[in-house]
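Residue numbers (this note's numbering): 5 to 382.
A quick write-up on the structure given underneath.
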Ligand SMILES: [Mg+2]
């Protein structure tokens, strides 16, 4: 089975705020779906966390390498793309775009073999996984109201991030966390994401250590991106000194970039994004490298239903990955598939066991946000 075509479609019209200093509007495209079409019919779907224009640029470079390639060998084909573009966008746009292609190729392989991708990645350690509700921080009373509503819907784990945290004052930081803990109750998992990869991030190690101690008083499960994304030494020191688990790595791409961080002991939890890092082939290898260093991989997942489906398959195939991120309030996650995601009575998500990624895009629903016909038309 050969690759016949590769198409891209950016999602616009309902892009959620990112909490960024340079904030997104609803029409900004930061999530782009890709579809790999094969000469025998199956179409694989992937998701890329970057703009449509950048994905289209990368596809100009990648298309000649892809057309006519074998459609059922995701790891080899992705590795060929990485190597053939060594001089072109390595680690950036080209790597981001390969992520979506790789996810789509795994989806094709699953459809062709009749197996869920997680089994093809090595086997299913779990049939369901706990999703954590991910939402932006806001004023304490506003945030508490949103968290209370999510808890009432059955969510049991929550991550609050970005917004004013670390950007206004330490008194407000603590009031936000105190209000969140009260809203979700003492038994719920609560995580805090400082968003240290924000363009205007200015706090350093001392702030991060003081804040980690504050978070510990509220039983916070992990402190995410407490430092700038390249501050490797500070991460290493903070992980040793902080009473809470330290997580990060969402902006890193390529498996090779993670080795120095894992070897230095920078993280308790590493958070690559499958829609940026190089796809499932890369993510799986990072997961096993992390495991061998005593580090858990909990995927960064501020993406789409397709990215979530990839994260679920990965979570089935890695022994330590017992949580996935779920962006709450995004129609790109909740409203583009034929079957809506549903929490079970324990607040868990079933990992699809249908072939491939195990989801089906709903072309009509998707058409609200992009040219779905151009993406999916055979
Ligand atoms: Mg984050």
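For each residue, glycine too, the CB sits at the ideal point set by N, CA and C.
Could you check whether the segment 118-130 touches the segment 144-158, counting it as contact only if at least three pairs of C-beta atoms, one from each stretch, sit closer than 8 Å?
no
Quick check on DSSP: helix, strand or coil for residue 68?
helix
Can you determine whether any heavy atom of ligand 1 sits closer than 6 Å to the C-beta of residue 329, and answer yes or no?
no
When the Cα of residue 244 is compared with those of 254, 373 and 216, which residue comes out closest?
216
In whole angstroms, give me the CA-to-CA distance for residue 195 and residue 266.
21 Å
Relative to the C-alpha of residue 269, which candidate in 360, 189 and 297 has its C-alpha closest?
Comparing Cα positions, the closest option is 297.
For residue 280, does the count of other Cβ atoms within 10 angstroms reach 16, so buried, or fall short, so exposed?
Looking at its Cβ environment, which holds 16 or more other Cβ atoms inside 10 Å, residue 280 is buried.
Minimum length 4: unbroken alpha helix (DSSP H) runs contained in the segment 106-174
Whole alpha helix (DSSP H) segments, 4+ residues: 121-124 and 144-156.
Which residue's Cα is closest to the Cα of residue 169: 192, 139, 221 and 336?
139
Note down, in chain order, each residue of its chain lying with its Cβ closer than 6 Å to the Cβ of residue 160, except the 5 sequence neighbours on either side.
192 and 351
Please report how far the alpha carbon of residue 52 lies from the alpha carbon of residue 72, in whole angstroms.
When only Cα atoms are considered, residue 52 and residue 72 end up about 22 Å apart.
Going by DSSP in three states, residue 341 sits in which element: helix, strand or coil?
strand
3 or more residues per run - each beta strand (DSSP E) lying fully within the segment 312-366:
Within the segment 312-366, the complete beta strand (DSSP E) runs of at least 3 residues are 327-331.
Where the alpha helix (DSSP H) containing residue 13 begins and where it ends
Careful: residue 13 lies outside any alpha helix (DSSP H), inside the beta strand (DSSP E) at 7-14.
So residue 129 packs on residue 323, CB below 8 Å; how close in whole Å?
Contact flag correct, Cβ pair sits at about 5 Å.
Taking only runs that begin and end inside the segment 225-313, name each unbroken alpha helix (DSSP H) of 4 or more residues, in chain order.
236-245, 259-268 and 284-296
Cβ neighbours of residue 83 in the same chain (closer than 7 Å, five flanking residues each side left out)
So the list is empty, once near-sequence residues are dropped.
For the structure I just gave you, are there three or more beta carbon pairs, one from the segment 170-180 and one from the segment 362-369, closer than 8 Å?
no
Beta-carbon separation of residue 10 and residue 34 under 7 Å?
no
Whole-angstrom C-beta distance between residue 202 and residue 25, which should lie under 8 Å:
5 Å
Helix, strand or coil at residue 33 [DSSP, three-state]:
Three-state DSSP puts residue 33 in coil, outside helix and strand.
Residue 307: which of 5, 21 and 353 sits nearest, CA to CA?
21
Taking 7 Å as the cut-off, decide whether the C-beta atoms of residue 336 and residue 15 are in contact.
yes
Starting from residue 197, trace the beta strand (DSSP E) in both directions and tell me its first and last residue.
Looking at the DSSP string, the run of the beta strand (DSSP E) that includes residue 197 is 193-197.
Span separating the alpha-carbon of residue 252 from that of residue 12:
29 Å
Closer than 6 Å: residue 197 CB and nearest ligand 1 heavy atom
At least one heavy atom of ligand 1 lies less than 6 Å from the C-beta of residue 197.
With 16 other CB atoms within 10 Å as the buried threshold, where does residue 103 fall?
That one is buried.
On the three-state DSSP scale, how would you describe residue 19?
coil
Among the residues of its own chain, which have a CB less than 8 Å from the CB of residue 17, if the five just before and after it don't count?
30, 31, 372 and 373
Cβ-Cβ distance between residue 36 and residue 64 below 7 Å
no
Run through DSSP, which three-state label would residue 99 get?
helix
In the DSSP assignment, the beta strand (DSSP E) including residue 55 goes from what residue to what residue?
Looking at the DSSP string, residue 55 is not in any beta strand (DSSP E), and its letter there is neither H nor E.
Inter-residue CB distance, residue 49 and residue 106 (contact presumed, cutoff 8 Å):
With a beta-carbon spacing of about 12 Å, residue 49 and residue 106 fall beyond the 8 Å limit used to define contacts.
Using CA atoms only, rank isn't needed, just tell me which of 206, 273 and 47 is closest to residue 379.
47
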